[in-house]
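What follows is one structure encoded as structure tokens, with my remarks underneath.
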Amino acid sequence: MRRTVVRLAWLAAACTAEELTTLWPYPASVHAGDGTHPICPGLRARLEPASRDLERALGRFRAHAFAHGPHGGECDARAIAELRVRVRNARAELQAGVDESYELKASCAAAGGGGGGGGGGCAIDVDAATQFGAFHALTTLAQLVSYDFASGAYALAGMPLLRVRDAPRFAHRELLVDSARHWLAPAALGALVDAMAMAKLNVLHWHLSDSTSFPLCLRAAPALCAAGAFSARERYARADVARLVAHAAQRGVRVLAELDVPGHAASWCRGYPRVCPAADCAEPLNPARADTFALLEALLDELLGAPAGGGASRGALLPERLLHLGGDEVDTRCWEASDEIIAWLRARGLSAADAYGRFVLRAHELAAARGAVVVGWDEIFEALGGTLPRSTIVQVWRPWSRASSLANVTAAGLRALSSPDPAWYLDSLDVNWTAAYAHEPCDGLSAAQCARVVGGGGAMWGERADGSDVEATVWPRLAAIAERLWSPRARSETARAEPRLRAFRCLLLARGVAAAPVGNARARDAPRAPGGCAEQ
Ligand SMILES: *[C@@H]1O[C@H](CO)[C@@H](O)[C@H](O)[C@H]1NC(C)=O
Ligand SMILES: *[C@@H]1O[C@H](CO)[C@@H](O)[C@H](O)[C@H]1NC(C)=O
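All letters in the sequence shown, in the order written, are residues -17 to -1, 1 to 519 by mature numbering (1 follows the signal peptide of the UniProt record, and there is no 0).
And the structure:
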């Protein structure tokens, strides 16, 4: 009886917070108080079931949440000292569509409520479908912890009763990085992945090769990187790829490789001149030669594993089932300037445009035979429309296109990704965060069409960004994209989002991420005057 009375009084004292201003991207559902409660940096964690990946995620949580080190002395007796993390399906694989939902609850047993544990019985409970959901829960939790420099104590916001139920709106939330226009060090890619996880992004789309360079060193075709890289240093060994894939997976981030064919591939000819129309007219790749497809097959064998009877592939460098085969901006003039290719086209009664379509379908078939789900830029839909395999995912970068917009692709029943130029093209330096935030992938689509949009992301094309400034070009605009892809559709008001984005940018800076000022009209400009991180 007495206990009930105390509990009611405690509930009455708690006010509900309008919005937790340190959360980004905002969760699907938050019920929170407007108070704080002490939290102990040495809090006990119970992981059910324990795993190395979860232990690592917990380590990152502690480093982020308790960044100023452990509390000087004993924690306040009332402090939250227990964190329980339960993962329902610990064996879920990190693949497209994996369940990333989680529930996060922080509460205290009623004051004076006896019961074991003592210290007011405050605890945090995370309940997640998979460990990837649990990673997101810990990311959210770390954003709610603050430090009091005077007392040396940490506090959790949203108390006395915090309840977050969360799941992403879109399954695929990517950052495209382009290490073909400028090589990016594995450490720089790893740092981008670290920051992506802070914004709950989950796919690193790695544009590996282009006309300018082919930095990936593969056993199957050693001359590609030997002749195609910018320099002896600016290359990736197989071990670099494996390490990046593992680093990303520990953060719930998949690595989706892109081999852009048949255009954007002139670098291939430096090592393998036979796959190109001519030395001085090098792309698109030569469709008339068996060598072209033999080389492509050798690459696919190494990346995806050789085709096996049962469909499962063996010996893959990439665990990811999606593979991007580009297909964009193909200009066939070099085909039409080659006697060999002209004769080949004539013999088959094909136009150059037909040959492009056949090339795309052949490349798709070869990848599919090795278990891949193929992604391609929207030009492949413009050329092939409904004749594309039903499993194809079309990445739409030309929202203005009359033939291959998101509306066109999804109306044809295919799945799509949204990466509109310029709103989500991070190389457009004059697109500010509000323009990125304003892009709504499902604008003008029916509910059925919207359901076929699996996500999208920011594209950091690398012509004018390298290791010196890529991070500041990406952040904080990528955060605006991340919230659009994660949070409910109704969360779209720029004015309401701005203080939270400023806080998130401060958080990125605090964690050593080179995020440019939020107020920049041009991305990555330096701050204009002395001032706090949130004022820039
Ligand atoms: C693409 O969509 C637009 C707008 O809905 C429509 O006018 C056009 O006919 C479509 N094109 C194709 C090829 O389906
Ligand atoms: C952001 O860009 C839009 C145009 O896309 C412009 O209207 C707005 O004023 C810009 N905001 C800032 C802060 O520069």
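Ideal Cβ placement from N, Cα and C applies to all residues, glycine included.
Apart from the five residues just before and just after glycine 101, which ones in its own chain have a Cβ nearer than 7 Å to its Cβ?
Within the sequence shown, numbered from 1, the residue matching residue 101 stands at position 118. Its pLDDT being 45, under 50, glycine 101 is placed unreliably by the model, and the measurement read from it follows with that caveat. Cβ within range, chain order: n/a, list empty.
Rounded to whole angstroms, what is the Cα-Cα separation between residue 537 and alanine 62?
Nothing about residue 537 can be read from this structure; the chain reaches only from -17 to 519.
Helix, strand or coil for glutamate 38 per DSSP?
For the purposes of this step, residue 38 is taken as residue 55 along the sequence shown, with counting starting at 1. Helix, per DSSP.
In three-state DSSP terms, what is glutamate 518?
As a position in the sequence shown, residue 518 is number 535, starting the count at 1. DSSP places glutamate 518 within a helical segment (H, G or I) once states are collapsed to three.
Pick from Ala261, Arg304 and Asp274: whose alpha carbon is nearest that of isoleucine 325?
Locating residue 325 in the sequence shown gives position 342, where the first residue counts as 1. It is Ala261.
Tell me the DSSP secondary structure of cysteine 252 in three-state form.
As a working note, residue 252 is residue 269 in the sequence shown. It is helical.
Exposed or buried, what is proline 471 when buried is set at 16 or more other beta-carbons lying within 10 Å of its beta-carbon?
The residue labelled residue 471 in the question sits at position 488 within the sequence shown. The residue is exposed, with fewer than 16 neighbouring Cβ atoms inside 10 Å.
Does any heavy atom of ligand 2 sit closer than 7 Å to the C-beta of alanine 133?
Counted from its first residue, the sequence shown places residue 133 at position 150. No, Cβ of alanine 133 sits at least 7 Å from all heavy atoms of ligand 2.
Among Leu3, Ala11, Leu6 and Thr5, which has the Cα closest to the Cα of alanine 473?
Numbered from 1 along the sequence shown, position 490 holds the residue referred to as residue 473. Selection Leu3, Ala11, Leu6 and Thr5 evaluated against alanine 473 yields Ala11 as nearest (Cα-Cα).
Taking the CB atoms as reference points, tell me whether cysteine 489 and alanine 517 lie closer together than 8 Å.
Along the sequence shown, one-based indexing puts residue 489 at 506. Along the sequence shown, one-based indexing puts residue 517 at 534. Yes, the pair counts as a contact, with Cβ atoms nearer than the cut-off.
Quickly, what does DSSP pair arginine 237 with across the bridge? List them, please.
As a working mapping, residue 237 is identified with position 254 in the sequence shown. Beta-bridge pairing by DSSP links arginine 237 to Val186.
Burial state of glutamine 78, where buried means 16 or more other Cβ atoms lie within 10 Å
The count along the sequence shown starts at 1 and reaches residue 78 at position 95. Exposed.
With DSSP as the reference, label glutamate 86 as helix, strand or coil.
As a working note, residue 86 is residue 103 in the sequence shown. Here glutamate 86 sits in strand by DSSP.
How many angstroms separate the CA atom of glycine 98 from the CA atom of methionine 142?
Against the sequence shown, residue 98 aligns to sequence position 115. Against the sequence shown, residue 142 aligns to sequence position 159. With a pLDDT of 41 at glycine 98, under the threshold of 50, the modelled position of this residue cannot be trusted, and the question is left open.
Is it buried or exposed for glycine 42, if we count other Cβ within 10 angstroms and need 16 for buried?
Counting from one through the sequence shown, the residue named residue 42 turns up at place 59. With fewer than 16 Cβ atoms within 10 Å of its Cβ, glycine 42 is classed as exposed.
On the CB-based measure, 16 or more other CB atoms within 10 Å of its CB, does proline 205 come out buried or exposed?
Residue mapping note: residue 205 aligns to position 222 of the sequence shown, counting from 1. Per the 10 Å Cβ criterion, exposed.
Does the pairing of the segment 197 to 214 with the segment 392 to 399 give three or more beta-carbon distances under 8 Å?
no
Compute the minimum distance between the beta carbon of alanine 399 and the heavy atoms of ligand 1, and state whether it is under 7 Å.
Within the sequence shown, the letter at position 416 stands for residue 399. No - ligand 1 has no heavy atom lying nearer than 7 Å to the Cβ of alanine 399.
In angstroms with no decimal places, state the Cα-to-Cα distance between glutamate 1 and serine 84.
One-based indexing of the sequence shown puts residue 1 at position 18. One-based indexing of the sequence shown puts residue 84 at position 101. The alpha-carbon atoms of glutamate 1 and serine 84 are separated by roughly 23 Å.
Using 10 angstroms around the beta-carbon of glycine 515, count the other beta-carbons present and answer buried if the total reaches 16, otherwise exposed.
As a position in the sequence shown, residue 515 is number 532, starting the count at 1. Burial call: exposed.
Backbone CA spacing between valine 457 and arginine 331 [nearest angstrom]:
As a working note, residue 457 is residue 474 in the sequence shown. As a working note, residue 331 is residue 348 in the sequence shown. If I take the Cα positions, the gap works out to 46 Å.
Beta-carbon proximity list for aspartate 274, same chain, < 6 Å, skipping 5 on both sides
Here the question's residue 274 lines up with position 291 in the sequence shown. Counting only Cβ-Cβ distances below 6 Å, and skipping sequence neighbours, we find Arg257 and Val258.
Three-state secondary structure (DSSP) at tryptophan 7?
Locating residue 7 in the sequence shown gives position 24, where the first residue counts as 1. DSSP places tryptophan 7 outside both helix and strand once states are collapsed to three, so it counts as coil.
Smallest Cα separation from aspartate 311: which of Ala33, Gly438 and Ser387?
The residue you call residue 311 lines up with position 328 of the sequence shown. Of the listed residues, the one whose Cα sits closest to aspartate 311 is Ser387.
For ligand 1, is there a heavy atom less than 7 Å away from the beta-carbon of asparagine 391?
Start at 1 with the first residue of the sequence shown, and residue 391 comes out as number 408. Correct: asparagine 391 has its Cβ closer than 7 Å to ligand 1.
Can you find the residues in the same chain that come closer than 8 Å, C-beta to C-beta, to serine 316, ignoring five residues on each side of it along the sequence?
Position 333 of the sequence shown, counting from 1, holds the residue named residue 316. Correcting the residue identity first, residue 316 is arginine in this sequence and not serine. Excluding residues within five positions, the ones whose Cβ falls inside 8 Å are Cys264.
Apart from the five residues just before and just after leucine 278, which ones in its own chain have a Cβ nearer than 7 Å to its Cβ?
As a first step, residue 278 must be located in the sequence shown, where it is residue number 295. The answer, listed in chain order, is Ala204, Tyr255 and Val258.
Could you check whether valine 244 and glycine 309 sit closer than 8 Å to each other, using their CB atoms as the reference points?
Locating residue 309 in the sequence shown gives position 326, counting from the first residue. Locating residue 244 in the sequence shown gives position 261, counting from the first residue. Yes, Cβ-Cβ distance for glycine 309 and valine 244 is below 8 Å.
Residues passing the C-beta test against ligand 2 heavy atoms, cut-off 6 Å:
Asn415, Thr417, Ala418, Gly502 and Ala504
In angstroms with no decimal places, state the Cα-to-Cα distance between phenylalanine 132 and aspartate 17.
Locating residue 132 in the sequence shown gives position 149, where the first residue counts as 1. Locating residue 17 in the sequence shown gives position 34, where the first residue counts as 1. Each residue's alpha carbon lies about 21 Å from the other.
Should alanine 431 be counted as a contact of ligand 1 given a C-beta to heavy atom distance under 7 Å?
What you label residue 431 is simply residue 448 of the sequence shown in a count that begins at 1. No.
Distance between alanine 463 and alanine 220 (C-alpha atoms, nearest Å):
Along the sequence shown, one-based indexing puts residue 220 at 237. Along the sequence shown, one-based indexing puts residue 463 at 480. Going from the Cα of alanine 220 to the Cα of alanine 463 covers about 33 Å.
Leaving out five residues before and five after alanine 212 in sequence, what residues of the same chain have Cβ atoms less than 6 Å from its Cβ?
On the sequence shown, residue 212 is found 229 positions in, with the first residue counted as 1. Only Ser196, Pro198 and Arg218 meet the Cβ criterion.
Residue from Ala434, Gly441 and Ala15 whose Cα sits closest to the Cα of tryptophan 416
In the sequence shown, residue 416 corresponds to position 433, counting from 1. The option with the nearest alpha carbon to tryptophan 416 is Gly441.
Limits of the beta strand (DSSP E) - the one that cysteine 208 falls within:
As a first step, residue 208 must be located in the sequence shown, where it is residue number 225. Looking at the DSSP string, cysteine 208 is not in any beta strand (DSSP E); the run it does join, the alpha helix (DSSP H), is 205 to 211.
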